[in-house]
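Residue numbers (UniProt numbering), protein chains in the order written: chain D, 1 to 204; chain Z, 1 to 204. Even glycine gets a Cβ: it sits at the ideal position worked out from N, Cα and C. Taking it in order: structure first as C-alpha cells, then the write-up.
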C-alpha cells in the first residue's frame, strides 16, 4: 500500500466524511442510544455522545444540526415497523397505527423522549426545525394510508390526505402531551371509526 | 368600629383568603398579564408577579399551585369568546373554532404562551397537572359542539363526543406545536368537513 501524503490523507478523510462513513455514524447513534437508556434525557448532550462514541463534536455536527435532531434519529430507530401497516382498509390501518404507537410510547422510554423533543422545539429554533422536518416526513408516511384508500376507491377523491395525516398525528400527540395514552382497544377502534367515517347521523 | 385582637384579625384575614378576595386575585392576574406583555414569558415568575401585585408569594400559591396554572389563567382570560359559537351546524361551529383559535394564536402573543405551557408540562409535574386540568375543562367545552349536534339529530347518537373534542384539540395543537398555523379559510373548511363528514367515498 502506497503511503499517502498529508494532503492526500486529508482529502481522503474529507471524502469519507462526505460519504457519511457508516461506521462512525452508527457508532454515534449507538452511543446516543446508550446514553438515553442509561442516563435518561437529562444526561444527553452532544458532548456526552462525542465522548462515548470517541468522535469529535464537529463530526457529529456535520451530520446532525443539534441535539434534538440526533435524539429524533435515536427515537425513530426504535419505532416498531408495525406503526405503518397495510391491512387492506383505512380503518384497519388507523387502528394498527394507534395500537402500535400507544404501546410503543407507553411501554418503552420512547414516549418520554418524544415529549422532551416536542418541549425543546417550543423554545429553541434549531430544535423546532428538526421537529418540523421530522413531522413532515411522518406526514408523508402516514399520508400513504389515506392515499392507498383513495386509490382503492374506499376514500373520496377530493379529500386532503395531508390534513387527514395531521388529524391522525394531532390526536396521538395531544393524548401523549396531556398524559392520556390510550390502552383500551375499543377506544382506539372508536377513534379510528370517527376519523374515517366521520360523525354524521345515518342518512345525513 | 371595635378593634380586633391579633387572633381575630388573623381569623379575618384567613376567611377573606378563603373567600378568594376578588380584588387581590384580580390584582395578581393583572400583574401577571402585564409581565407577560412587557417582558415576555422569560421574565415570568411567581416572585415577579408577587412583587408587581404587592402580594405575598403565599397568597399567590394559595390560589394557584404554580407558575403554569397562573399563566394558563392569564392565557384563558384573553381567549376571545368567539372560539366557541353556536352557528346551528357542527361543521359551522368547527370552522368558527378554527378561525378564532388560529387568528388568536397567530395575531397575539397567545400562541407563544400556550407553546410555552405545553413545553413546561412535559418536564414538570405541577405544570403537567395544570395543563391536564385545563385540557379537561376545554374538552368539556368543545364537547358541547358535538353534544348539540347529537341532540339535534345531526350527529350519530353512538359517537364519543369526548374523542371528537380530542380530535379537534389535537389537530390545532399539532399545527401550533410544529409552527404550521392555518390562515387559509379554504383549508379550515376542508379540515372541518373531514372531521365531521369523514373521509369515505360516496356510497361507502
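| Check | Outcome |
| --- | --- |
| Taking only three categories from DSSP, how would you classify residue 200 of chain D? | strand |
| Does chain Z have any CB closer than 7 Å to the CB of residue 70 of chain D? | no |
| Taking Cβ positions, are residue 237 of chain D and residue 46 of chain D nearer each other than 7 Å? | Nothing about residue 237 of chain D can be reported from this structure: the residues present for chain D run from 1 to 204 only. |
| Looking at chain D, is there any beta carbon in it that lies within less than 7 Å of the beta carbon of residue 189 of chain Z? | no |
| Let me see if you follow: with CB-CB separation under 7 Å, is residue 138 of chain D close to chain Z or not? | no |
| Within 7 Å of any Cβ in chain C, is that where the Cβ of residue 177 of chain Z sits? | No chain C appears in this structure, whose protein chains are D and Z. |
| Which term fits residue 77 of chain Z, buried or exposed, when burial requires 16 or more other beta carbons within 10 angstroms of its beta carbon? | exposed |
| List, in order along the chain, the chain D residues whose C-beta lies closer than 7 Å to that of residue 197 of chain Z? | 198, 200 |
| So the alpha helix (DSSP H) residue 77 of chain Z belongs to, where does it begin and stop? | 67-77 |
| Between D:155, D:58, D:126, D:48, which lies nearest to residue 89 of chain D when the distance is taken from Cα to Cα? | D:155 |
| Going along chain D in order, which residues have a C-beta closer than 7 Å to the C-beta of residue 115 of chain Z? | 122 |
| Verify the CB distance criterion: does residue 194 of chain D have a CB-CB separation below 7 Å to chain Z? | yes |
| Under 7 Å Cβ to Cβ from residue 96 of chain Z, same chain only, skipping five residues before and after it: list those, please. | 82, 85, 87 |
| Who are the Cβ neighbours of residue 134 of chain D in its own chain at under 7 Å, not counting the five residues just before and after it? | 72 |
| Nearest-angstrom Cα distance between residue 23 of chain Z and residue 139 of chain D? | 49 Å |
| For residue 25 of chain Z, collect the residues of the same chain with a Cβ closer than 7 Å to its Cβ; drop the 5 residues on either side in sequence, then sort them by chain order. | 63 |
| In chain Z, which residues lie less than 9 Å from residue 99 of chain D when you measure between Cβ atoms? | What residue 99 of chain D touches in chain Z: nothing, since even the nearest Cβ is about 16 Å away. |
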